[in-house]
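Residue numbers (this note's numbering): -11 to 393.
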């Protein structure tokens, strides 16, 4: 600065230098976070860590993919800040970022002509540098409630899935390989990823082979699908967001015989009235689906589910195309999976126009919280008068538990 010959320039530089010295460290961090300036974040943490508030230090370390440092700081601070609910939420979120867990789940579902109880047990371990390994087993006991629509339903359907996942500050993905034993046996594969998670515009991708198909009751029992999907969400701020998703599916029998294909388009726009719990959210949603059945007949194995009076063609398995649109209001819906130490209710209610059943009234309610401290339990019930999979009434009761270790 002393080498600057222009007096006006020297005066401006001096003012900028003094202002920077007087600027609080948390302001420097906030500016760097907003600008996604990783070099400045690294420099501030190295030189002024003692002057930066804990919450800012944690967020900065997360942005720099220093997950261990962020979690260590959160653990050391948790006991000293028990009265600060906002900071406690930040600390819990940081500690649970890549937590290992054992997860049992049970659900009961009724939608004519099928009724079933499904249970699963999963366990995961951290590996290295953001990678983790997860094993999940799923079993379903099922039966037909109307032999005029569906017959010879196998009493059980079993799946086992082994997956490798990765997560860092900006993305996460999971690759899964599995085996299914239902109407027939098959190998399965799936890849799902979420990208640019810190940006305003976020993306998701999906690709799967022999994935479960729940678009109709016959497909759920005897079918599968090869699927590709792409989604995007744009967040205008903390409260407003819009999103869209497109998915193509090739439907097959579990013996790999071709049944048909379909395209599904989803759009939504939402506004959070509150950004913290209870995070009241209003969403406007719309879905349009087109399905086409292949010609010809069914293989003997696939024809075994068809009642005697029905035609044994792929059309028996394929769902009807539809359009749904409406408004939903909810609060705390993330608590179905997100950790909360306090016991809290959550719910969502909505009214949608459906081209198959004229209208679909949707309601979900539940409660979630911690039982022993290092766990999460959620109990819920939901009902739709015209669910998107089939356009018929659907009732589900369930329990999800996660024990962190």
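Heads up, the beta-carbon is just placed ideally off N, CA and C, and yes, glycines get one too.
query                                                                                                                                 : result
Within 8 Å, strictly: CB atoms of residue 309 and residue 277                                                                         : yes
Proximity below 8 Å, CB of residue 324 to CB of residue 389                                                                           : no
Length of the line joining the Cα atoms of residue 391 and residue 328                                                                : 13 Å
Same chain only: Cβ atoms within 7 Å of residue 227, ignoring 5 sequence neighbours per side                                          : 259, 260 and 263
As assigned by DSSP and simplified to three states, the class of residue 28                                                           : helix
Start-end ranges of the alpha helix (DSSP H) lying completely within the region 282 to 317, minimum 4 residues                        : 288 to 291
Residue 86 (DSSP reduced to helix, strand or coil)                                                                                    : coil
Which residues DSSP lists as bridging residue 213, in chain order                                                                     : 199 and 239
Under 8 Å between C-beta atoms of residue 215 and residue 247                                                                         : no
Candidates 233, 225 and 289, of which the one nearest residue 244 by Cα                                                               : 289
Pairwise C-alpha distance: residue 282 and residue 318                                                                                : 40 Å
Cβ separation of residue 52 and residue 25, assumed to be a contact under 8 Å, to the nearest whole Å                                 : No, residue 52 and residue 25 are not in contact; Cβ-Cβ is about 11 Å, not under 8 Å.
Residue span of the beta strand (DSSP E) that contains residue 130, given as start and end                                            : 119 to 132
Buried or exposed by the 16-neighbour rule on C-beta atoms within 10 Å, applied to residue 221                                        : buried
Residue 373 in three-state terms, based on DSSP                                                                                       : coil
Contacts around residue 94, its chain only, beta-carbon distance under 6 Å, and the 5 residues preceding and following it disregarded : 107 and 387
Inter-residue spacing [alpha-carbon to alpha-carbon] between residue 101 and residue 141                                              : 11 Å
Given 8 Å, three or more beta-carbon pairs between the region 127 to 147 and the region 292 to 303                                    : yes
Proximity winner among 302, 344, 266 and 303, relative to residue 356 (alpha-carbon distances)                                        : 266
Residue 342 - partner residues in DSSP beta bridges                                                                                   : 312 and 346
Exposed unless 16 or more other CB atoms sit within 10 angstroms - verdict on residue 240                                             : buried
Pairwise C-alpha distance: residue 86 and residue 9                                                                                   : Caution is warranted here: a pLDDT of 42 is assigned to residue 9, below 50, making its placement in the model unreliable, and the coordinate value is therefore given only provisionally. Near 37 Å, if we compare the C-alpha coordinates of residue 86 and residue 9.
Contacting residues, own chain, Cβ-Cβ under 6 Å from residue 98 (five flanking each side not counted)                                 : 383
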